[in-house]
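Following: one structure in structure tokens, then a few remarks.
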Amino acid sequence: MHRGKLIVFSGPSGVGKDSIRKKIKFNDFIFSVSLTTREKRAGEIDGKHYHFVSEEYFKSRINENKMLEYANFVGNYYGTDLDFVQKQLEKGNNVFLEIECKGAMQVIDSIDDVLSIFILPPTIEDLEERLKKRNTEDLETIMKRIDKARHEIKLKEQYQYNIVNDNLEKAVNQLDQILETELRPND
Ligand code: 5GP
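Numbering (my numbering), first residue to last: 354 to 540.
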């Protein structure tokens, strides 16, 4: 049977990954719901946006080698469930990972045949503006996320595709085109 492909979709926090993914037309993939130890934000649903877990549970999953990748991002753990991804790929489903850069590097370095895409902000100032407008973190956390973004952007060359999110519609179209080209089975 045809094995599915792993899609690594990454970029700094606040760059608009979520907004882009939610608007694409291409839907031939399963979204991998991550585990996280961060507090649930208003409106987030356990099992849909994340599996919200304790740090103790998260660490036990790491020790049992049950994480495909993980990272500590600004004080909280985030990671991808290995069994879930493996099962879906074996079933022939493409799997979409929306993850930060440290985790993305782990996947790109350890798995062949990954489709990797990185979203860039037009400028760092633009990113700062977006994070402030989002109003989901305090200023200190926002500044930590910005500092992180400066490092993350240096990794852009490691990805097969870069998309600059200077216009949402344009970025959505670019992502759709990449997914169509790379993942539509040839007749
Ligand atoms: P947020 O707290 O804003 O939901 O997420 C913070 C960052 O963690 C975002 O860049 C998000 O894409 C990333 N992230 C979400 N899930 C995972 C995951 O499973 N692994 C890794 N490495 N990063 C993740």
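Even for Gly, the Cβ is constructed at its ideal location relative to N, Cα and C.
To the nearest whole angstrom, what separates the beta carbons of residue i and residue j, a pair I think is in contact under 8 Å?
| i | j | result |
| --- | --- | --- |
| V406 | L388 | 5 Å |
| N446 | R391 | Contact flag wrong, Cβ pair sits at about 27 Å. |
| M458 | L508 | 7 Å |
How many Å lie between residue i and residue j at the Cα?
| i | j | result |
| --- | --- | --- |
| A395 | N488 | 11 Å |
| D465 | K358 | 10 Å |
| Y514 | I377 | 16 Å |
| Q439 | V467 | 13 Å |
| M420 | T534 | 29 Å |
| L480 | R503 | 10 Å |
| D491 | S413 | 30 Å |
| G530 | I516 | Rather than Gly, the amino acid found at residue 530 in this sequence is Gln. So the two alpha carbons sit approximately 11 Å from each other. |
| R356 | L435 | 16 Å |
| E408 | R483 | 29 Å |
| S463 | L528 | 24 Å |
| C454 | E510 | 12 Å |
| E493 | N416 | 31 Å |
Going by beta-carbon coordinates alone, are residue i and residue j separated by less than 9 Å?
| i | j | result |
| --- | --- | --- |
| I472 | A424 | no |
| G367 | R498 | yes |
| I477 | I506 | yes |
| F437 | L536 | no |
| S372 | I452 | no |
| T433 | E422 | yes |
| Y512 | I470 | yes |
| R374 | F449 | yes |
| P474 | N520 | no |
| V386 | Y410 | no |
| P365 | K501 | yes |
| I383 | Q441 | yes |
Is residue i near ligand 1, in the sense that its beta carbon is under 8 Å from a heavy atom of that ligand?
| i | result |
| --- | --- |
| G428 | no |
| A457 | yes |
| Y410 | no |
| D424 | According to the sequence provided, residue 424 is Ala. The question's Asp does not apply to it. Yes, the Cβ of A424 comes within 8 Å of a heavy atom of ligand 1. |
| P474 | no |
| G432 | yes |
| Y403 | yes |
| R391 | yes |
| G396 | no |
| S385 | yes |
| G364 | yes |
| K370 | yes |
| L450 | yes |
| L388 | yes |
Is any heavy atom of ligand 2 found at a distance shorter than 8 Å from the C-beta of residue i?
| i | result |
| --- | --- |
| E453 | This structure simply doesn't include ligand 2; it includes ligand 1 instead. |
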